[in-house]
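So in our numbering, spot 39 of the sequence shown is number 43, and the numbers just go up one at a time.
Heads up: the structure comes next, in structure tokens.
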Amino acid sequence: MFNTARNTLTVFGLSAVAMLALLYTNEDVAKRVSDMLHPEPEVVAVAPAAPAPALAAVAEAADTAAAPQAGTQHLGNSKQQQWVTSWLSKRYRVASDAANMLVSTAYMTAHEVKLDPLLILAVMAIESGLNPFAESPVGAKGLMQVMAKVHHDKFEKVGGQEAALNPVANIKVGALILKDYVKRTGSVEGGLKTYVGAADMESDSGYGAKVLAEYKRLKQVAKGHKVPTTNPRPLPETAVVKQAPTAAPADAPVVTPEPAKAESHGSEALATL
Numbered sequence: 005m006f007n008t009a010r011n012t013l014t015v016f017g018l019s020a021v022a023m024l025a026l027l028y029t030n031e032d033v034a035k036r037v038s039d040m041l042h043p044e045p046e047v048v049a050v051a052p053a054a055p056a057p058a059l060a061a062v063a064e065a066a067d068t069a070a071a072p073q074a075g076t077q078h079l080g081n082s083k084q085q086q087w088v089t090s091w092l093s094k095r096y097r098v099a100s101d102a103a104n105m106l107v108s109t110a111y112m113t114a115h116e117v118k119l120d121p122l123l124i125l126a127v128m129a130i131e132s133g134l135n136p137f138a139e140s141p142v143g144a145k146g147l148m149q150v151m152a153k154v155h156h157d158k159f160e161k162v163g164g165q166e167a168a169l170n171p172v173a174n175i176k177v178g179a180l181i182l183k184d185y186v187k188r189t190g191s192v193e194g195g196l197k198t199y200v201g202a203a204d205m206e207s208d209s210g211y212g213a214k215v216l217a218e219y220k221r222l223k224q225v226a227k228g229h230k231v232p233t234t235n236p237r238p239l240p241e242t243a244v245v246k247q248a249p250t251a252a253p254a255d256a257p258v259v260t261p262e263p264a265k266a267e268s269h270g271s272e273a274l275a276t277l
């Protein structure tokens, strides 16, 4: 056993000497062995920090993208609109969130079509009591009780006649019709009379007076004044059939609206936001 152990150690010793000699004489083999015994840690490359101008450009792009949304939020949350929303919600017993959506839509639509938003809201209030699903016996539909079949051309741009009960589409089309009638007649009174379908009649059954009274209340509310909400709730106007205005004959005389009305009411209702 002693001889065997001695011979084994001799063999190991000679092998170690041979290995050392090989490592000493061959640099490639020595490098490989060294790499195996002591591997170098992996170095992760880190991208250099973006220079200040690049960061500023990214921030500016983000602000630009968010600008339209911020502007819309501001438009829908002004103090004036909050007062109007609260008053209409209480007066017509409409949920606050729903009233806020209707008021915001009316303001944005008014800004787009260049019409007084309070006049739009007054028409909505008298026409439907702010009920987006209201429908009259003669087929007038939605918040502004628009005759979809008569004004199908305007509905084509907002989804067709099927969109008559869509609050946004209904307000948009109703506001365009109202603006057209106010401009055509030169006054809010004339525009309302045409809107309700009574252009060729002697009386509009008090429709215009109701809208203007509500319009006056809303203007007071928008100024922050305390306006009672307990007045008798106006009923939706369905007595007069809404119809498209008839075209005047070619030889009919042109009637010029009275200057006083055009200046006092027409220009005010068509005021931009």
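Beta carbons are placed, not taken as given, at the ideal position from N, Cα and C, and that holds for glycine.
Sub-9 Å separation of Lys88 and Leu122 beta-carbons: With the sequence shown as reference, residue 88 is identified as Val, and Lys is not the correct amino acid for it. Yes.
Residue of Gly178, Gly210, Tyr185 minimising C-alpha distance to Ala144: Gly178
Assigned secondary structure, Glu116 (DSSP; H/G/I helix, E/B strand, else coil): If DSSP states are grouped into helix, strand and coil, Glu116 belongs with the helices.
Assigned secondary structure, Met5 (DSSP; H/G/I helix, E/B strand, else coil): coil
Residue from Leu92, Val142, Glu139 whose Cα sits closest to the Cα of Ile124: Leu92
Classification of Asn7 by the beta-carbon crowding that lies within 10 angstroms, buried from 16 upward: exposed
Coil, strand or helix - Val172 by DSSP: helix
Given 8 Å, three or more beta-carbon pairs between the segment 96 to 111 and the segment 133 to 144: These segments touch.
Closest Cα partner of Glu139 within the set Thr189, Thr113, Phe159, Ala168: Ala168
Bridge partner(s) assigned by DSSP for Glu139: Lys145
Tyr219 and Tyr199 closer than 9 Å at C-beta: no
Residue nearest to Glu131 in terms of C-alpha spacing, selected from Gly228, Ala226, Lys223, Leu216: Nearest C-alpha to Glu131: Leu216.
Distance, Leu106 Cα to Asn174 Cα: 11 Å
Distance between Gln165 and Val231 (C-alpha atoms, nearest Å): Taking C-alpha positions only, Val231 is separated from Gln165 by approximately 37 Å.
Cβ neighbour criterion (16 or more within 10 Å) applied to Ala213: exposed
9 Å Cβ cutoff, Gly194 in contact with chain B: Absent from the structure: chain B. Only one protein chain is present.
CB contact flag (Ala202, Ser191, <9 Å): Result no, Cβ atoms of Ala202 and Ser191 do not sit closer than 9 Å.
Pairwise C-alpha distance: Asp204 and Thr189: 12 Å
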